[in-house]
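Student:
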Amino acid sequence: MAVEVDVDVALLKSEIKKTYASVSAEPEKDFIFPTGGAWAEDLGYPPELANVPDVAVESFAGVANPWKLGRLEPGERVLDLGSGAGTDSLIAAQMVGPEGHVTGVDMTEQMLDKARTAAAEMGTTHVEFVEAEAERLPCPDGSFDVVISNGVIDLIPDKDAVFSELFRVLAPGGRMQIADVTIQRPVSEEGRRNIDLWTG
Ligand SMILES: C[S@@+](CC[C@H](N)C(=O)[O-])C[C@H]1O[C@@H](n2cnc3c(N)ncnc32)[C@H](O)[C@@H]1O
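Mapping of the sequence shown onto our numbering: residues 11 to 210, in sequence order.
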């Protein structure tokens with residue numbers, strides 16, 4: 011069931027970009043959510059984490075471990091929705107190998123810059139990072155075998171738009187491995203309008 015969300019989406023997006031520009035520029039800062047390599051290790055991230063450059067891992071801001079849902083196969087085409095500084099994309103790139111391909115999509119420029127720097131540092135050429143919004147993916151229909159995502163869809167009010175894009179870009183038989191924040195009880199109308207609750 012779709013939930014009407016009376017929130018200023020343009021303002022929310024600009025606040026989210028500010029928050030993640032800061033996670034990108036000041037990774038050592040204490041945020042109200044956990045970040046960085048020690049957090050990824052606590053979550054039980056796979057051994058490929060060790061090969062991902064610090065410039066990405068220091069700004070890791072995932073909420074859980076999507077790799078608990080399984081590894082990827084060599085040759086798969088992967089979309090990392092809300093790829094941030096690139097940790098999951100660069101883990102995925104190791105799993106799918108050079109015959110596969112990874113596309114990381116994010117709307118925060120500073121995060122994308124770090125992800126591209128990290129990919130260059132690893133010498134990985136089968137990964138690309140694209141500036142775009144999850145609700146309007148600049149990707150052809152049926153172009154991915156797997157969607158991974160960590161801590162992103164909870165930040166987006168129009169979940170129907172996101173999932174219809176994910177179903178559009180997944181190839182028949184494709185799958186999703188999503189780590190995210192969910193709620194057990196409905197949030198009050200006042201809570202849904204509170205931008206601080208969305209961005210945190
Ligand atoms: C909590 S961070 C997680 C980043 C990354 N997945 C990780 O695990 O480190 C959320 C990311 O989602 C991105 N994001 C939020 N809303 C978005 C949207 N509507 N479209 C694209 N990216 C979005 C933010 O820019 C940020 O980089």
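Glycine included, each C-beta is placed from N, C-alpha and C at the ideal position.
#1: Kindly indicate the opening and closing residues of the beta strand (DSSP E) around S159.
#2: Out of curiosity, what's the CA-to-CA distance linking F139 and P182?
#3: So for D90, helix, strand or coil by DSSP?
#4: Less than 6 angstroms between the CB of Y30 and some heavy atom of ligand 1, yes or no?
#5: Counting only the same chain and skipping the five closest in sequence on each side, list residues whose C-beta sits under 7 angstroms from that of P63.
#6: Where R81 and P167 are concerned, what is the direct C-alpha to C-alpha distance, given to the nearest angstrom?
#7: Mind the definition here: the stretch 93-111 touches the stretch 41-58 only if three or more C-beta pairs lie below 8 angstroms; say whether that holds.
#8: Measuring CB to CB, does G161 end up less than 7 angstroms from V19?
#9: Considering only C-alpha positions, which residue in the set V88, L91, V33 and P84 is nearest to V65?
#10: By DSSP, does P57 sit in helix, in strand, or in coil?
#11: Given 6 angstroms as the limit, tell me if F70 has its C-beta closer than that to any heavy atom belonging to ligand 1.
#12: Just to confirm my understanding: we take G107, look at its own chain, exclude 5 residues before and 5 after, and list those with CB closer than 6 angstroms. What are they?
#13: With DSSP as the reference, label T135 as helix, strand or coil.
#14: Could you tell me the distance, in whole angstroms, from the CA atom of S24 to the CA atom of D170?
#15: Looking only at its chain, what residues have a beta carbon closer than 7 angstroms to the beta carbon of E119, apart from the 5 residues adjacent to it on each side?
Tutor: Short version:
#1: F154 to N160
#2: 24 angstroms
#3: strand
#4: yes
#5: A128, E131 and M132
#6: 29 angstroms
#7: yes
#8: no
#9: V33
#10: helix
#11: yes
#12: P84
#13: coil
#14: 21 angstroms
#15: E141
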